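In what follows, a structure is listed as structure tokens, so that the remarks can point back to it.
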Amino acid sequence: MSKKTFKNKGGFDSLLETNNEESIANKEKIFTKPKLEKVTFRIEEKLMTEIRNMAYWERQNISEILKSSIELKIEKYQKINGPINPRP
Numbered sequence: 017m018s019k020k021t022f023k024n025k026g027g028f029d030s031l032l033e034t035n036n037e038e039s040i041a042n043k044e045k046i047f048t049k050p051k052l053e054k055v056t057f058r059i060e061e062k063l064m065t066e067i068r069n070m071a072y073w074e075r076q077n078i079s080e081i082l083k084s085s086i087e088l089k090i091e092k093y094q095k096i097n098g099p100i101n102p103r104p
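Under the numbering used here, read the sequence shown as residues 17 to 104, first letter to last.
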């Protein structure tokens, strides 16, 4: 009994083939994630408890709650003071 070769017969691989340029563009869209930085900071227990409670009730994780809070603070700062200049 010999092995069967399925090359150039279509088969499963032919179902998955797509336009190469199109697949590269789709991969870039799918795999482009923002670079995350791990940070450590100290915070009052009461505030952290409130953040945990918010995350629980909003069905989000703590990182999402903090991210949205920081984004709102940055927007508010920029409305008052204009664009934020980079550090020297």
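Cβ coordinates follow ideal geometry from the N, Cα and C atoms, glycine included. All figures in this text were calculated on a predicted structure; none of them were measured in a lab.
{"Asked": "Beta-carbon proximity of I96 to I78, cut-off 7 Å", "Found": "no"}
{"Asked": "Short Cβ contact (7 Å threshold) for I81 with A71", "Found": "yes"}
{"Asked": "K49 versus S84 - alpha carbon distance", "Found": "17 Å"}
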